[in-house]
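In our numbering, the protein residues as written are 2 to 148.
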Amino acid sequence: MLQNMALRAFSTGVKTKLNHPSRRAGHLMTQLHAEEVAKAQERIGEKFESFRPGDAVEVELMLNKSTQKTQRIKGVVIAERNCGIASSFTIRNHIAECGFEQKIFKHSPLLVSVKLLKEKFISNGQKKVRRAKLYYLRDKAPRFTTL
């Protein structure tokens, strides 16, 4: 039967497509990602305050799920990536005159909370940051990202 379809398509020059959503793997993966994001949103609830690049935040992470010990990290948000279940943000701080960056996934089960410490930290609250990715702060003086 498959050979007949191929011969018919070849002879007529028309290619038959299987566009039905249930036959596409991409549609299935999109549904799975949406379900995982919904589960993560239920689990997280109202633990996050909204933040933007340029804001100072404090993140509380569990070291591992078995010990329940947490670690607090302060930093300036220099990038935010919104991509379904793989959404993440990057924070930067200077500790002992050494730059420190960490990428944190928003829907990670190890993420406990995110607190907004100060909005518009880079410009001392005077104007908003006009970039989505603040990678130029890596080359600036440490005072821009030190909390």
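Glycine included, every Cβ here is placed at the ideal spot set by N, Cα and C. The structure displayed is predicted, hence computed values, not measured ones.
Nearest residue (CA-CA) to residue i, options the options
i	options	result
Arg-53	Gly-27, Arg-139 and Leu-135	Leu-135
Asp-140	Ile-86, Asn-94 and Arg-44	Asn-94
Thr-31	Thr-147, Ile-86, Phe-122 and Cys-99	Ile-86
Arg-73	Arg-82, Glu-61, Gly-100 and Asn-83	Glu-61
Glu-102	Glu-36, Val-78, Arg-131 and Ala-35	Val-78
Phe-49	Arg-144, His-108, Ala-142 and Lys-121	His-108
Gly-55	Ala-80, Ala-97, Phe-106 and Glu-43	Ala-80
Ala-57	Leu-33, Ser-88, Ile-45 and Lys-116	Lys-116
Cys-99	Ala-41, Arg-44, Glu-43 and Thr-147	Thr-147
Glu-37	Pro-110, Pro-143, Lys-70 and Phe-145	Pro-110
Phe-106	Gln-42, Arg-25, Leu-33 and Glu-120	Gln-42
Span of the beta strand (DSSP E) around residue i
i	result
Ser-89	89-96
Ile-105	99-106
Helix, strand or coil at residue i according to DSSP, with G and I counted as helix
i	result
Leu-111	coil
Tyr-137	helix
Exposed unless 16 or more other CB atoms sit within 10 angstroms - verdict on residue i
i	result
Gly-27	exposed
Ala-133	exposed
Lys-128	exposed
Ile-96	exposed
Note to self: Quick check on the DSSP output: what are the complete alpha helix (DSSP H) runs of length 4 or more inside the segment 22-87, in order along the chain?
What the structure shows: Positions of the alpha helix (DSSP H) runs, each at least 4 residues long and wholly inside the segment 22-87, are given as 26-45 in order along the chain.
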